[in-house]
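Data first, discussion second: the structure below is written as structure tokens.
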Amino acid sequence: GGAPVVNSITSTSSDGTYILDDIIPIAIAFSELINVTGIPQLEINTGGSSLSFDGNSDYATSGESLLNNLSQFTMAGWINAESAGSRKGFFGQNDRIEFGFANSSTIQAWTASGGSVNWNFNSSSFPYNVYHYVVIVGSGSNLKLYVDGSLKATGGSNTSNYGSNGYQFKIGGGGIFDGSGNWFHGSMDEVAVWNTALTDSEITALYNNGASISAAANSGSYASASNLLVYYTMDEGSGVTLVDVSNNSNNGTISGATWSTSSLWGDTVNYSSGSGTNTLTFDYTVANGHQTVDLDYTRTDALFLNGGTIKEASGNDAVLTLPLPGTEGSLGYAKDIVIDGAVPFVTSITSTTNDGSYGIDETIAITISFDGTVIVTGTPQLTLETGSSDATADYSSGTGTDLLTFTYTVATGDTSSDLGYAGVNALSLNSGSMRDASGNNVNLTLPSPGDSLSLSGSKALVVDGVLPSVINVTS
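Residue numbers (our numbering): 13 to 487.
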């Protein structure tokens with residue numbers, strides 16, 4: 013027989029929302045019977061975000077002329093282009109260093125003092141609607157253009173300084189090849205700029221066979237994290253600010269571009285069963301932090317052998333190319349599976365009761381803030397340090413919000429010079445429950461006592477439940 017191909021991907025799980033530790037079988041159907049050795053893997057989209065540009069007026073800017081007076085530079089990012097055209101910018105600084113589509117079949121990098129470089133592509137070498145890692149490197153001697161970890165073109169000329177001007181560093185348009193315009197159509201993720209020329213091996217390491225690694229930390233052959241000028245991971249998912257994670261505080265501002273839940277980041281799922289049939293099953297277990305509104309794999313090459321094999325009976329290797337995510341034949345097209353593995357956690361504890369001293373039968377309201385809405389059943393409790401024996405504050409209100417109130421009534425014998433709770437595990441369910449709307453159990457761990465986010469660290473509440481006693485009687 014010929015080489016088996018993937019027909020479709022689906023799941024035997026019902027449509028709906030799945031939470032932490034739920035298991036979802038993902039089934040990949042091939043065109044014929046196949047045999048598996050080892051543990052192949054499937055990379056699925058389990059969260060993250062990217063920035064989407066409509067090709068008309070969307071862009072982002074650093075607000076600074078980041079590319080001024082550089083003797084060397086590297087610019088890189090993951091782009092998912094829906095189309096190309098004349099002078100459609102990826103990122104750069106007008107009239108200094110410019111990078112993007114020169115036309116519908118050419119990617120170009122142009123510099124004011126170091127020449128330019130072009131790479132001609134077609135639908136096979138650079139397909140649309142797929143993430144590609146694009147990189148331009150200026151060494152002072154030449155320009156090198158890389159796509160998906162491979163050097164595609166070399167050009168440019170010698171320069172000791174790539175120049176300076178007053179234009180801002182832009183992403184997606186708003187002035188890259190020209191003073192305005194140059195609108196990119198598609199999505200971008202993980203845009204970074206360095207003040208050094210990355211090596212071939214560093215670019216290969218960052219590409220990581222399409223899986224990417226963080227540019228913020230040195231890893232393997234990549235050793236230039238300290239040379240970052242700006243690094244936008246685009247993980248915010250909301251708002252109009254791009255956070256620079258390079259520690260240079262070059263935060264960006266978004267104009268028009270919108271957040272997308274599609275991201276190049278994913279998690280790998282191991283093959284579990286199906287050898288000898290035409291359907292392979294990969295069991296995905298929802299982990300903490302996983303979130304997506306429509307579960308799918310990351311890209312068309314998201315199926316990896318991982319050192320194993322997938323072959324038909326005659327020994328022909330299977331073609332591992334998958335349907336484009338979100339299109340007919342894909343998991344996202346076949347199923348409506350929502351992943352919510354974001355476990356709520358405590359962000360701070362304080363009190364709405366004024367600082368001061370409180371005696372027997374007086375009450376103190378203690379509020380616990382969470383990073384999301386919490387639904388409560390029963391009467392959870394918070395154990396407090398109150399002298400020789402601990403006291404408890406009972407849950408009293410707040411279900412359906414992100415702020416729960418616990419009420420503590422001072423009892424005889426309770427004493428504390430600065431009321432606090434009895435450690436990071438002092439919050440207990442007391443046979444009740446605390447969950448988010450999807451059903452994830454809350455992480456009950458508290459800030460360490462004395463921390464600024466803790467009760468004793470944020471308030472000065474004195475407890476005096478000791479009754480006065482007769483010391484001496486005279487006549």
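All residues carry an ideal CB built from backbone N, CA and C; glycine is no exception.
As the structure is a computational prediction, the values presented were derived from the model and not from experiment.
Distance, residue j Cα to residue i Cα
i      : j      : result
TYR30  : GLY412 : 20 Å
ASP118 : GLY127 : Going by the sequence as given, residue 118 is Thr instead of Asp. Computed Cα separation, rounded: 16 Å.
SER464 : ASP426 : 24 Å
TYR179 : VAL205 : 16 Å
GLN303 : SER77  : 36 Å
LEU254 : GLY264 : 5 Å
TYR143 : ASP160 : 9 Å
THR385 : SER25  : 27 Å
SER401 : SER428 : 11 Å
GLY338 : THR22  : 12 Å
ASN453 : VAL388 : 10 Å
GLY327 : ALA227 : 40 Å
ASP495 : TRP271 : The shown model of the chain, from 13 to 487, leaves out residue 495, and the question about it has no answer.
ILE38  : ASN290 : 14 Å
PHE196 : ILE46  : 42 Å
ALA121 : SER61  : 27 Å
GLY353 : GLY477 : 44 Å
GLU110 : PHE189 : 6 Å
GLY344 : ASP306 : 6 Å
GLU94  : SER363 : 52 Å
Collapsed DSSP secondary structure at residue i in the structure displayed
i      : result
SER468 : helix
GLY462 : coil
THR5   : It is not possible to answer for residue 5, since the shown part of the chain is limited to 13 through 487.
ILE376 : strand
SER238 : helix
TYR345 : helix
ASP160 : coil
ILE483 : coil
THR424 : coil
SER213 : helix
ASN47  : strand
LEU431 : coil
GLY222 : helix
ASP306 : coil
LEU254 : strand
Proximity to residue i [Cα-Cα], best of the options
i      : options                           : result
LYS182 : TYR71, GLY150 and ALA88           : TYR71
ASN488 : ASN154, ALA472 and SER285         : Only positions 13 to 487 of the chain appear in the structure, and residue 488 is not among them; the question remains open.
THR424 : THR375, ALA438, ILE21 and THR364  : THR375
GLY3   : ALA346, GLN84, GLY320 and PHE189  : Lying before the first or after the last residue shown, residue 3 is absent from the chain, which here runs from 13 to 487.
GLY320 : GLY14, THR22, SER20 and VAL48     : VAL48
SER496 : ALA269, GLY410, LEU415 and ASP406 : Because the chain spans 13 through 487 in this model, residue 496 falls outside it and cannot be assessed.
THR123 : TYR158, ASN173 and TYR140         : ASN173
THR216 : ALA93, SER233 and ALA209          : SER233
SER409 : ALA434, GLY390 and SER231         : GLY390
GLN53  : GLY353, PRO139 and ASP279         : ASP279
ASN221 : MET87, GLY168, ASP414 and ALA314  : ALA314
THR152 : THR166, MET200 and PHE113         : In the sequence on display, residue 152 carries Gly and not Thr. Comparing Cα-Cα distances from GLY152 to each of THR166, MET200 and PHE113, the minimum goes to THR166.
Buried versus exposed, by CB contacts within 10 Å (16 or more), residue i
i      : result
THR58  : buried
GLU202 : buried
VAL281 : buried
VAL355 : buried
GLU55  : buried
PRO106 : Looking at the sequence provided, one finds Asn at residue 106 rather than Pro. Counting Cβ neighbours within 10 Å, ASN106 comes out buried, since at least 16 surround it.
GLU340 : exposed
SER443 : exposed
ASN194 : buried
LEU241 : buried
LEU479 : exposed
THR398 : buried
ALA96  : buried
GLY368 : exposed
ASN262 : buried
THR312 : buried
ILE380 : buried
Paired residues, beta bridge with residue i - DSSP
i      : result
GLY167 : LEU155
PHE294 : ILE38 and TYR283
TYR68  : Sequence inspection shows Asn at residue 68; the Tyr mentioned does not correspond to that position. Partner(s): none; ASN68 has no beta bridge.
GLU76  : GLU76 is not bridged to any residue.
PHE111 : PHE103 and ALA121
ILE322 : VAL48
Check: residue i C-beta below 7 Å from any heavy atom of the ligand MN
i      : result
VAL146 : Absence of the ligand MN from the depicted structure is noted, as is the absence of any ligand whatsoever, leaving it without description.
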